Structure formats: structure tokens, C-alpha cells
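Peer 1: Below you will find the structure I want to go over with you.
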Amino acid sequence: MKPILSVKDVKKIYGNGTYALRGVSFDIYEGEFVAIIGSSGSGKSTLLRCINQLIKPTQGSIVFKGTAVEKVNKCELRKIRREIGMIFQHYNLIDRLTVIQNVLHGRLGYMSDFHGIFDLYSKEDRWNAYRILERVGLEKEIHKRADQLSGGQKQRVGIARALAQNPSLMLADEPIASLDPVTSGAVMDYLYRICREDKISAIVSLHQVDFALKYATRIIGIKHGLIVFDGKPKELTDSIIDQIYVQGKDEFAKNELKLQRAIAI
Ligand code: ADP
586 MKPILSVKDV
596 KKIYGNGTYA
606 LRGVSFDIYE
616 GEFVAIIGSS
626 GSGKSTLLRC
636 INQLIKPTQG
646 SIVFKGTAVE
656 KVNKCELRKI
666 RREIGMIFQH
676 YNLIDRLTVI
686 QNVLHGRLGY
696 MSDFHGIFDL
706 YSKEDRWNAY
716 RILERVGLEK
726 EIHKRADQLS
736 GGQKQRVGIA
746 RALAQNPSLM
756 LADEPIASLD
766 PVTSGAVMDY
776 LYRICREDKI
786 SAIVSLHQVD
796 FALKYATRII
806 GIKHGLIVFD
816 GKPKELTDSI
826 IDQIYVQGKD
836 EFAKNELKLQ
846 RAIAI
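With the numbering used here applied, the sequence shown corresponds to residues 586 to 850, in that order.
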């Protein structure tokens, strides 16, 4: 089976000289739900943003469905980006727009600039947006302004907008970092279920590592811009957890992870 995404020796050095990624390689296959874990500042967000070229890697190659994304022109990149949904920690919704208008924004990559500027969405797009909002339990909120929603509802709109793109890969950058534990569970349930049902591969960076253990089919641990673990959740040992997390940093997350692992085995 061919990977849907191939990341090879990707490095990112920011303009100020920070080495955020020091040579990261991995393949993602259809249907995988991969959690990226690591201390804050380890490079998780940079990695996700390099995949859809929101950040240009300094070196290395990223191949999505057989196309090297760093080599394509603007028009081809637009086509690739619409197949890669992105979910953000702070939702990135447009506050003054309604829930359904935000979801319809996921269709912009499929429209001409003219149609996009004037919000000329097709009947089919509107109907699909409604059906997607039903799937995340927001069908009663479609005409509410985004700024009137709770954090959990906003993130469900974030998932719906990404889904409206009809993606084959979903990237989620700390999607539950701003939510309380109960809401986080609900949001992760939606994200996980939708990705499974629609056979969308997912790469989700998570600070709450207990959620990584609960949902991920595979966990990648990053430390100082390098992969230090890549395996199944059950292969994570306490000593590997100690290796992934920087000493003195994220002690709470580390202890929580060990505790959850102990409960699971
Ligand atoms: P994480 O998502 O794991 O918290 P990041 O990818 O955000 O990590 O950051 C990795 C490293 O790159 C950190 O040292 C961070 O300070 C640095 N960094 C992130 N964004 C920038 C930027 N725009 N300019 C310079 N350094 C950055």
C-alpha cells in the first residue's frame, strides 16, 4: 500500500536561527489516526504547517498523494490544500459570520475567485454544509454568529469547515488545548468518528497526552525537532515517555500519560 503522505528529512530553521525541525521522516497511510506528542516548543506545530506549506520547510521533501508539495505552483498547491483539512487550536473562525457561512468557507478552494468573493455557493454546497453540521450536532445553530458559540461548538464548526473541503488528510494543531476535559472528549469523539467513517487519515498534535492514548492508532513523539518515538500506543513505556518530554517541562502531562498508561494495561 502506498502512503498518502511521505515526509522525508524535513528541516525547518526559522529566520532567527531557531532549529524547529532537524530532519523528520515518516509515512502516513490511509485510515491512520496519528497523534503527535511532545513538550511545547518541540516542533509539533511547525511540522503540521510544513505539511500543507503554511510554513516553507528549509530542507527535505513532503509528498502528498504522489506529488511533491514543495515543488508545485500556486494553482497546484491550492488543489492540494483543499484535500488537506486543517483544524486550529484557536478555531480560526470568522466571528461576524454565521456557523454555516464559516463552514461554506471550506468550499472556497473549489470556487473561482469571483464566486468566492460574492459568496456564490451552489445549492449542493449549502446542502452539504448543513449535512456536515448535522454530523457535528450543530444543525440547530446554523444561523448563529460564530462569536456567540462556546469553545467546544467553535471547534465543531472548525471540524465541519475542514470536512466541507472533502479532505483525504486532516491536520489538527492542538485542537483541544483551549477546552475543558469534558468538552475535549466530545470534540475528539467527533473528530475521531468522522475520520474513521470517511476514511480520512489524521495527524493530530495533542498536549493532553491521555487523549493520544485513547484515540491514536499510532503515536509519534517529537523532542527538540526530532522524532524520538514512532509506534503503537501500547508500545509507549514510562522510559520512552521520559525521553519524549523535556525534563522539568510538562511534568503534569508526563505524569498524566504514565498514569493513563498504567490504567490501560
Ligand atoms: P510546538 O508546536 O511543539 O509547541 P513549535 O513548532 O511551535 O512547537 O515551535 C518549535 C520551535 O520553533 C520553538 O523553539 C519555537 O519557539 C520556534 N518557533 C516557532 N515559530 C517560530 C517563528 N515564527 N519564528 C521563530 N521561531 C519560531
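Note that CB positions come from ideal geometry on N, CA and C, so glycine has one too.
In this text, all values refer to a predicted model and were calculated from it rather than measured experimentally.
(1) May I have a chain-ordered list of the alpha helix (DSSP H) segments no shorter than 4 residues that lie completely inside the region 784-842?
(2) Specify whether the region 612-622 and the region 792-803 touch according to this definition: at least 3 beta carbon pairs, one from each stretch, less than 8 Å apart.
(3) Please list the terminal residues of the continuous alpha helix (DSSP H) segment that includes R663.
(4) Exposed or buried, R746, counting other C-beta atoms within 10 Å across all chains shown (16 or more means buried)?
(5) Kindly provide the chain-ordered list of residues whose Cβ lies closer than 6 Å to any non-hydrogen atom of the ligand ADP.
(6) Return helix, strand or coil for T616, following the three-state DSSP convention.
(7) Please work out which residues of its chain come closer than 8 Å, Cβ to Cβ, to I779, disregarding the five sequence neighbours upstream and downstream, and give them in chain order.
(8) Using the DSSP secondary-structure output, state which residues sit across from A757 in a beta bridge.
(9) Provide the residue span of the alpha helix (DSSP H) that contains G743, from first to last.
(10) Quick one, are the C-beta atoms of L756 and G645 less than 8 Å apart?
(11) Following the continuous beta strand (DSSP E) through Q644, name the residue where it begins and the one where it ends.
Peer 2: Let me lay it out:
(1) 794-800, 823-829
(2) yes
(3) 659-667
(4) buried
(5) Y599, N601, T603, A605, G623, S625, G626, S627, G628, K629, S630, T631
(6) Before going further, note that residue 616 is Gly rather than Thr in the sequence given. G616: coil per DSSP, three-state reduction.
(7) R720, V721, I744, L748, I785
(8) I672, V789
(9) 736-749
(10) no
(11) 644-649
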